Each structure stands twice: as structure tokens, then as C-alpha cells.
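Residue numbers (our numbering): 2 to 533.
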């Protein structure tokens, strides 16, 4: 035995067991490295995938925002290419439908509300990129340019300054009633004792609910309408005989809206379209004249102060005739002696012709007390003519110039537009236009050629001005200017020096104003951007 064994010491390890600890240490290290590498790879791949997803999400958000930001521009482009007299929520939804895609985004139009003229809606833009989807919502208001107009012109030519009509102007027309459409197809028959019927007509433009119409000698109230049919109720009562309805359908602009068997002085009378009336004007009802002393649009009534006796009773549907003239001025009217017969008005369809100017020294529409209320610096004339203040009119019809709207000099077709006086001739010369044109500034027109305007021209300057050249207006003209008593110079008078022709037709003008649409506007509502 070896001495070590003999002394009790353990034997030395065999040669084969040497280096095992080193191998184990290396294997453990390798495992740890593999775990680290695997974890690092997983994290790297996750980071790359997360970055890709984040980039897709961000791109989807950009796509959604881009569609939102370009939406107003595309709406304006569509208005220019596809103008529409949108009147209902459904019609607006259909009109917007072609705009429901933009690039990688889809748009939907929700919560649409409003009526003809002004609508509110939410536009939801869903932008996509890869598997990512982001939604952006913003609220908008669309203003179609319609105006809550009243039909208030009381003359074919209204001027606060004196009127110098020594040129070749011809101003005539028809007041109060006239044809507005015709019966369509075979003439229907209203049976004896029948109170109502549905009447097919060519169109219903310019006709409002509550209007009164005459067809084949019978009078009706409009209780409903569609594009080419009218729901009518015969007034004041059904007839014991049947009536065949054919030909023209004539509109009574203003009529008694409720029969009364007890007429008093004064009389609070319900009248259709009572907003048309101006306090202080004269009306004729059942052959008797009265002064309008109060107008209550909410109740649909006017207070009448009788000035020439009064009727014993009034039936629903009887006409309330306004005193409409060819020429009206706050000061003098100086007509051309040999043209006196060219200044006059037919009081109603088929009625008597009333000549405004009995002599070169006297015209019935001059020194109109309603036009001499105050200075031209305030907007009373705008309210008198259109039922809006100047501020309301400016807000509803933004000033249109070539710098703000390249289409501002395009021909007007059933449009509402406001321009500077310096752009007037460029807009209308040698063309045919229609609608309502507000001109900011004094008129100094020299419109030669074949120039026609169907509708209402309103010049809001500080002086009078000149109409020179050849211009035909089928409607009415008003000049605010600045009436200064005793001054008759060219920069104060409204001078009708050229071949101005104004053909006033009360019903046609009412129809034209109701058809007119302004330059559409769309505006994003502040503070409404949000994500879904």
C-alpha cells in the first residue's frame, strides 16, 4: 500500500475525469448565449414588426386626414361641375355620394340635418394602409346660397336719388298676379261639391305652400306640392258644379288667408306671404284701400287701417293688391315728355293699365314717403327690398371677385351673387343672366350689345349713377345711392340715359328669386376634428 493510503488520505482522481468542469461551464455559457441571441432576435423582429405596424397606422392616419382636408375643395369643384338645387337631406346624401372615396380613404356622411339652403353634417374619413385603419371625423356646414327673401320691390325701378328718365328708357309691367305654370296632360275635372284634388302641372317652381292659385276661373289654396303636382283645396267653398281645369295656372301673390264676416277698422287680417308687406304701404282689398300699419310674420297677419270705406266681409282667396309702380324715388322723377306712355303698370293680369307719369312734371311714384325714412348710410332700403339687413345679406352672399373666385365673371344662371360695381359691365355685357345680383358701389354702366338680365339688380352705392347703352331687365332694378334734396347733378341722380328696358312681372320675378341659388360655401366647424 502506498504511504498516502496508509495515512488515510483520498486517492487522486483518475485521468479521465479531468476537464469535465470546463465542458460544463462552456455548455452553460453557450446556452446563455443562445438565449440572449434568441431573445435579441425576437425583440429585434418584434421591434421591426411594431415599427412597420406603426408606420402603417401613421400612413392610414395621413390618408384619413388628407381626405378630410381635401373634402371642402372637392365639394366646391363638384358644385361648379354639378350645380344642384338641393332641397332635402336625401338629395344632399345622393349629391355627395360620388365624393365617398379619395386615395386610400373612404368617406361616409353622417348626421345630416337641415333644410333647403343650409345643412350640417359629419364626415367620417376612414384611411387605410396595409392592415391598419384610422378614422377621422369633422363637422361641416354647407350653405347653398339660398336666401330667406321676401318679395318686397314696389316698383320696376326704385331709387333713393332722383330719377332722370330723359333717355330712351321704357319701364312697364304687370303687378300682383299672372301665370306661373300650366296644367299638364289631359285636363282633370274637379267634381261637383269636391273640396280638393291633385293637379298635374308643368312644374311647381316659385309656388309655396299656402299660396293661392286660379285655374279656369276657380280659386284654390296650395296645401302640398311635388315636382310636377299640386295638392289643392278649393276656396272659399266647393262648387255645386263640376269644373274642368286646363290652361294657365295663375298665382295670386298675396290673398286673404282666412275668411272673415266681420270687418273692423282697423282689421287684423291673415294674408298669404305677409312678409312681402312694408309698414306704411297702401293695399287694395275687395275694392277698398288701406294702409298697412303693422306686420306680424309669426302670426301671418297684417293690421290694415282702411282709408276708403271698408268691405262688409272678406272671403279666403280674395286678392290683396299691392300698389306697385313703374318708377319710385325718394325725390323727383323727370321723364322724357314723348315717352310718358312707356312708364306704367298693369295692376293685375288682364287688368287696367295705370300710367305713372301724367305729365313731364308729375309722376305718381316720386317723393315716396316710404323711401324718405332716413339717410342712405344705413340699410333700411335693403330691409325694405329683401327683408334682410345689410349685415345679413353680406354674410349670406360673400363678395365675389376674380381674385377670390375665378368663376365670378361666369354667366349667372339662377344665381345669387355680390360683386363690386367696377366688375358690373364685365360680368353682364353681351350676355344673358338670371337671378339676384347685388352690386356694391355706384352704377356707371355702359352695357352695349345684347345684354339681358332676368331677375333683380340692386346697387348699393353712395350716389346715383348712369345706365347707358342697351340693357334689358326682365324683373326689377333698385339703386340705393344718396338722396340729397335740391341736388340734381349726374353724381347724385339715377340717370336712365340709354336704352334701358325694364319689363316688370311680379309673378315672374317672385319665381326667379325663389329659383336663385348663391355661390355654395362649405365650412369646417371649429373644434370638431376628432378620431374614432
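Where is the CB? At the ideal position from N, CA and C, for every residue including glycine.
Please read all numbers here as calculations on a predicted model, not as lab measurements.
Judged by their CB atoms, residue 328 and residue 479 are not nearer to each other than the 8 Å cut-off. Within the same chain, Cβ atoms closer than 7 Å to the Cβ of residue 322 are found at 177, 284, 285, 348 and 349, the five residues on either side in sequence being excluded.
Burial check for residue 112: the Cβ neighbour count within 10 Å stays below 16, so the residue is exposed. One thing to note: residue 211 has its Cβ no nearer than 8 Å to the Cβ of residue 114. Residue 267 and residue 238 have their alpha carbons spaced roughly 26 Å apart.
The count of Cβ pairs closer than 8 Å, one atom from the segment 60 to 74 and one from the segment 125 to 144, reaches three, so the stretches are in contact. In its chain, beyond the 5 residues on either side, 178, 179, 180, 181, 214, 215, 216, 350 and 508 have a beta carbon closer than 8 Å to the beta carbon of residue 251. In the structure shown, residue 135 falls within a strand segment according to DSSP collapsed to helix, strand and coil.
Residues 172, 174, 327, 477, 503 and 505 of the same chain have their beta carbon placed closer than 6 Å to that of residue 157, with the five preceding and five following residues left out of the count. A direct Cα-Cα distance of roughly 17 Å separates residue 355 from residue 362. Within the same chain, 64, 128, 129 and 130 come within 7 Å of residue 105 by CB-CB distance, once the 5 residues on both sides are set aside. Fewer than three Cβ pairs drawn from the segment 328 to 347 and the segment 296 to 305 lie within less than 8 Å of each other, which leaves the two stretches out of contact. Counting only runs of 3+ residues, the beta strand (DSSP E) found wholly inside the segment 326 to 402 occupies 326 to 330, 334 to 336, 344 to 347, 354 to 356 and 358 to 360, in chain order. Sorting 242, 425 and 168 by C-alpha distance to the C-alpha of residue 402 places 425 at the top. For residue 353, same chain residues with a beta-carbon under 8 Å away, outside a window of 5 residues either side, are 347 in chain order. For residue 123, the CB contacts under 7 Å within the same chain, skipping 5 residues up- and downstream, are 111, 112, 138 and 140 in chain order.
The DSSP-derived three-state label of residue 251 is strand. Per DSSP, residue 524 lies in no alpha helix (DSSP H) segment; the continuous beta strand (DSSP E) that holds it begins and ends at 522 to 525. Taking 8 Å as the cut-off, the beta carbon of residue 151 is found closer than this to the beta carbon of residue 277.
The segment 464 to 473 makes contact with the segment 434 to 454: 3 or more CB pairs, one atom from each, lie closer than 8 Å. Within the same chain, and ignoring the five residues on either side of residue 498 in sequence, the residues whose Cβ sits closer than 6 Å to its Cβ are 168, 467 and 469.
Selection 297, 288 and 318 evaluated against residue 307 yields 288 as nearest (Cα-Cα).
Just so you know, the alpha carbons of residue 411 and residue 459 end up roughly 19 Å apart. Residue environment analysis places residue 162 among the buried positions, since at least 16 neighbouring C-beta atoms fall within 10 angstroms of its C-beta. Note on geometry: alpha-carbon atoms of residue 510 and residue 495 lie some 22 Å from one another. The beta carbons of residue 76 and residue 100 sit about 7 Å from each other, so the pair counts as a contact at 8 Å. For residue 429, the closest C-alpha among the options 528, 419 and 413 is that of 413.
Residue environment for residue 455: buried (at least 16 other C-beta atoms within 10 angstroms of its C-beta).
Between residue 34 and residue 72, the CB-CB gap reaches or exceeds 8 Å.
From the listed residues 230, 201, 247 and 102, the smallest Cα separation to residue 218 is found for 247. In the structure shown, the three-state DSSP call for residue 33 is helix.
For the pair residue 90 and residue 227, the Cα-to-Cα distance works out to about 16 Å. Under the three-state reduction of DSSP output, residue 124 falls in the strand class. Partner residues in a beta bridge of residue 152, as assigned by DSSP, do not exist. Classified as exposed, residue 295 has fewer than 16 neighbouring CB atoms from the shown chains inside 10 Å of its CB.
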